[in-house]
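Numbering (numbering that gives the first Met the number 0), first residue to last: 0 to 293.
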Amino acid sequence: MRKLTAILFSILILACCADQSFANAVQKYRVAVSDLVISPGVPEKQASIVRNSSLIADIENAIRNGRKFELLTRRGAAMQAIRQEQEFAKSGLAAADAAAEGQMSNAQSLVQVEVTQFSFGRSSSRVPNTEKYRVSDYCRIELSVQIIDTSRGSVSASFPIKASTTSGTAMANRIGSASSAVLDQTLEKAAGTLANMLSDTVFPIQVLTVKGKRLWVNRGNDSGLHVGDVFDIFEPGEELVDPQTGESLGSTETEVGKARVVRINPKVTIVEMTDGDPSYIQPGFILRAPVPAK
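The structure is reproduced here in C-alpha cells:
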C-alpha cells in the first residue's frame, strides 16, 4: 500500500511539473501602456478633455481583447494601489499564504502614446429667420506612438495614428455641447488601430499554408480585419544589422504579390491572391497593409 501511495505521489508531482512547464511554454508576450503624454501644442482646454478621457483605458482594452499579449499596467494610480496591496500582503494583518514578494513582471515592450493633435466640439450656424440652429459634432485626434524594447531600451517601432468622427447635421433650439458619443467613437477607433499596429509590429501577419490561390494567415475574427481588405505579400530575406551598433534593423523584404481578405474565421483568416504567382508563396511569408500614397 505504501509503495502504491509513493507511485501515485510521484505521478502527481510529474503532472504538476508538466502543467507548470506547459504554462511557461504558452506564456504570452508582455506589454504595458505608459501614462498618456500630451504635446504642448494641444490647447489647454482640449488637453484637459483628452487627459481625462478613456483613451488609455480604450487602448488597454483593445490590446487585451486581441488576446495576443499579457497586458501589464504602468498607470501611476494603479501602480500605487498595487504597491499598497503588496505592503499589506507582507504585513502581519494578511493571511500566511497571502505574502507577496513585492515584485512585478517586467514588460517586454512599452507602448508610449503622445497626443499631438486633438479637437472636440460642436459647430453651429443660425437658421435664417428662426430661433433654431444647425449643429454638428466633431472629434479628431492624432497620436505619435512608440514601441520600446525594454530589454535594450531601443525604439523597435514608431508610427502615427489618426482618427476622426463627425455627426450628422441636426436642428436644435440652442447650440449646446458636443455629444460624448462622438468622442468615444473617435478614441475607440484610435485604440483599435493602435492595437492592430502593435500586433503587426510584434507578430506580423504571416502565411500558415497555401492552397491554390488561397492563403491561410495567423489572424482571426478579433484582429480588426474585414472582408475586402487588401494586403501586399512579402518574402522575408536576410537580417540587416547595423555595423556600428550591432542592432538588428529587421530584414530585407521582397514584394511578391497582393491578396484580398475573403473569409475571417475565429482563429485564422483566408485571403485570395489577386496578383503574383501562388506557387511561389511559402509559409512564413508576410502580409502588410499597403502604404498610402502621399
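Built from N, CA and C at the ideal position, the CB exists for glycine as well.
Could you pull out every residue in the same chain whose Cβ sits closer than 8 Å to the Cβ of residue i, ignoring the five residues on either side in sequence?
{"i": "Val41", "result": "Val49, Val114, Thr115, Gln116, Phe117"}
{"i": "Gln205", "result": "Val216, Asn217, Pro282, Gly283, Phe284, Ile285, Leu286"}
{"i": "Ser104", "result": "Arg29, Glu69, Leu71"}
{"i": "Pro242", "result": "none"}
{"i": "Ile280", "result": "Val206, Val209, Leu214, Ile232, Val255, Gly256, Met272"}
{"i": "Ser53", "result": "Asp183, Leu186"}
Assuming contact is defined by CB atoms lying nearer than 9 Å, are residue i and residue j in contact in what I supplied?
{"i": "Tyr28", "j": "Phe68", "result": "yes"}
{"i": "Ala106", "j": "Thr149", "result": "yes"}
{"i": "Thr268", "j": "Lys257", "result": "no"}
{"i": "Phe119", "j": "Thr185", "result": "yes"}
{"i": "Ile263", "j": "Ser222", "result": "yes"}
{"i": "Ser180", "j": "Ser166", "result": "One point to set straight first is that residue 180 is Ala, not Ser, in the sequence displayed. In this structure, Ser166 lies closer than 9 Å to Ala180 by Cβ."}
{"i": "Ala31", "j": "Ile37", "result": "no"}
{"i": "Met170", "j": "Val134", "result": "yes"}
{"i": "Ile55", "j": "Arg121", "result": "no"}
{"i": "Val229", "j": "Ala288", "result": "yes"}
{"i": "Ser200", "j": "Ala162", "result": "Looking at the sequence shown, residue 200 is not Ser but Thr. No, they are not a contact pair."}
{"i": "Pro277", "j": "Gly219", "result": "no"}
{"i": "Pro265", "j": "Thr251", "result": "no"}
{"i": "Glu237", "j": "Asp57", "result": "no"}
Tell me the DSSP secondary structure of residue i in three-state form.
{"i": "Ile10", "result": "Residue placement at Ile10 is flagged as unreliable, the pLDDT there being 44, under the threshold of 50; the coordinate-derived value follows with that caveat. Helix."}
{"i": "Ser47", "result": "helix"}
{"i": "Thr200", "result": "helix"}
{"i": "Glu130", "result": "coil"}
{"i": "Gly275", "result": "strand"}
{"i": "Ser135", "result": "strand"}
{"i": "Val181", "result": "helix"}
{"i": "Gly70", "result": "Strictly speaking, residue 70 in this sequence is Leu, with Gly absent from that position. It is a strand residue."}
{"i": "Asp34", "result": "coil"}
{"i": "Pro262", "result": "The residue asked about is misnamed: residue 262 is Arg in this sequence, not Pro. Reduced to three states, the DSSP call for Arg262 is strand."}
{"i": "Asp57", "result": "helix"}
{"i": "Lys27", "result": "coil"}
{"i": "Gly236", "result": "strand"}
{"i": "Leu186", "result": "helix"}
When we look at the beta-carbon of residue i and count the other beta-carbons within 10 Å, is it buried (16 or more) or exposed?
{"i": "Leu207", "result": "exposed"}
{"i": "Thr192", "result": "buried"}
{"i": "Ile146", "result": "buried"}
{"i": "Asn195", "result": "buried"}
{"i": "Val154", "result": "exposed"}
{"i": "Asp136", "result": "buried"}
{"i": "Asp34", "result": "exposed"}
{"i": "Val110", "result": "buried"}
{"i": "Val260", "result": "buried"}
{"i": "Val126", "result": "exposed"}
{"i": "Ser108", "result": "buried"}
Below 6 Å CB to CB, which residues in the same chain sit around residue i once its five sequence neighbours on both sides are set aside?
{"i": "Arg213", "result": "Ile269, Glu271"}
{"i": "Ser124", "result": "Arg133"}
Spatial neighbours of residue i within its chain, please: C-beta separation below 7 Å, excluding the five flanking residues on both sides.
{"i": "Leu224", "result": "Arg218, Val260, Ile263, Thr268"}
Does the segment 58 to 67 come close enough to the segment 122 to 141 to have 3 or more Cβ pairs within less than 8 Å?
-> no
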